[in-house]
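Residue numbers (my numbering): 24 to 128.
Right, here's the structure in full:
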């Protein structure tokens, strides 16, 4: 447990500068969030429908078939670019992620 905590702290400290820049940039994420509170509430109300749609798309369908590995969280939140692969590698025994043949990077 201590080793995992230490590795997670290492990963977090490596990504802290980009996360700090994300929060403190101008016009500022937190100020923008506070000003547009009602719009974020509307977004939050629609998240279940979005998740339901993503679940349907990620299954075999006649119109579209996508895999979860096709989605990249860094496309939506830039500071996740170095964080997501580091977490996957840290959580994988041996530190080397294994992918299915469909989801090879």
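Quick reminder that beta carbons are idealized off the backbone N, C-alpha and C, glycines included.
Separation of residue j from residue i, as counted between CA atoms
i           : j           : result
residue 57  : residue 117 : 43 angstroms
residue 59  : residue 122 : 39 angstroms
residue 27  : residue 71  : 32 angstroms
residue 100 : residue 73  : 17 angstroms
residue 25  : residue 43  : 26 angstroms
residue 62  : residue 32  : 34 angstroms
residue 68  : residue 55  : 19 angstroms
residue 124 : residue 48  : 40 angstroms
Sequence-distant residues of its chain with Cβ nearer than 8 angstroms to residue i (five each side left out)
i           : result
residue 119 : 112
residue 30  : 113
residue 115 : 121
Contact set for residue i: own chain, Cβ-Cβ below 6 angstroms, skip 5 residues either direction
i           : result
residue 177 : Since the first residue of the chain shown is 24 and the last is 128, residue 177 is not available in this structure.
Cβ-heavy atom distance, residue i to the ligand NAP, below 7 angstroms
i          : result
residue 56 : The ligand content of the structure shown is nil, which means the ligand NAP is not present either.
* Asked: Which residue spans inside the region 52-79 form an unbroken alpha helix (DSSP H) run of at least 4?
  -> 52-58
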